[in-house]
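Numbering follows my numbering, in which position 13 of the sequence shown is assigned residue number 78; successive positions increment by one, without gaps.
What follows is one structure encoded as structure tokens, with my remarks underneath.
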Amino acid sequence: MATARTDRARSRVAPLVRSGWGGAAAWGPALFVAGLWAAGVATHTVVRGFDPVVAAVQLFLAVNLLVCGWELVLLRYPDQVRADFDRHREQLADYRTLRDMFAARTGIAGV
Numbered sequence: 066m067a068t069a070r071t072d073r074a075r076s077r078v079a080p081l082v083r084s085g086w087g088g089a090a091a092w093g094p095a096l097f098v099a100g101l102w103a104a105g106v107a108t109h110t111v112v113r114g115f116d117p118v119v120a121a122v123q124l125f126l127a128v129n130l131l132v133c134g135w136e137l138v139l140l141r142y143p144d145q146v147r148a149d150f151d152r153h154r155e156q157l158a159d160y161r162t163l164r165d166m167f168a169a170r171t172g173i174a175g176v
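As structure tokens, this is what we get:
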């Protein structure tokens, strides 16, 4: 759950991102892809046996890029994300209903 401070920050930043402030609308997916690339570079550094400090810095940057990109995506497309979550919640409820009906009819629980 987000804290009140995070919610206030998001409420101040979200209109700027939605309005395309500074090209921020395109930053989310771009930063996320850059984070994936940076994670690949960090993995390559570890596999090749280079300095672990360099790998740690690269991994730190990769995680930051991924998180920042994902946050911008969530801020840019909140209605789509909310609709996806609602759809998945409904699908899960349907699954649970079917599971309970199956358990009631067959007497087999824990499916």
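C-beta atoms are modelled at their ideal positions from N, C-alpha and C, and glycine is treated no differently.
Keep in mind it's a predicted model, so treat the numbers as computed, not measured.
Beyond the five residues adjoining it in sequence on each side, residue 116 comes within less than 6 angstroms, by CB distance, of no other residue in the same chain. Around the CB of residue 107, 16 or more other CB atoms lie within 10 Å, so the residue is classed as buried. It is roughly 20 angstroms from the alpha-carbon of residue 123 to the alpha-carbon of residue 92.
Inter-segment contact for the stretch 160–168 and the stretch 134–144 is absent: fewer than three beta-carbon pairs are separated by less than 8 angstroms. Contact annotation: residue 103 and residue 126 have beta-carbon atoms nearer than 7 angstroms. In the structure shown, the three-state DSSP call for residue 125 is helix. Spatial neighbours of residue 129 in its own chain (CB-CB distance under 8 angstroms, excluding positions within 5 residues in sequence) are listed in chain order as 100.
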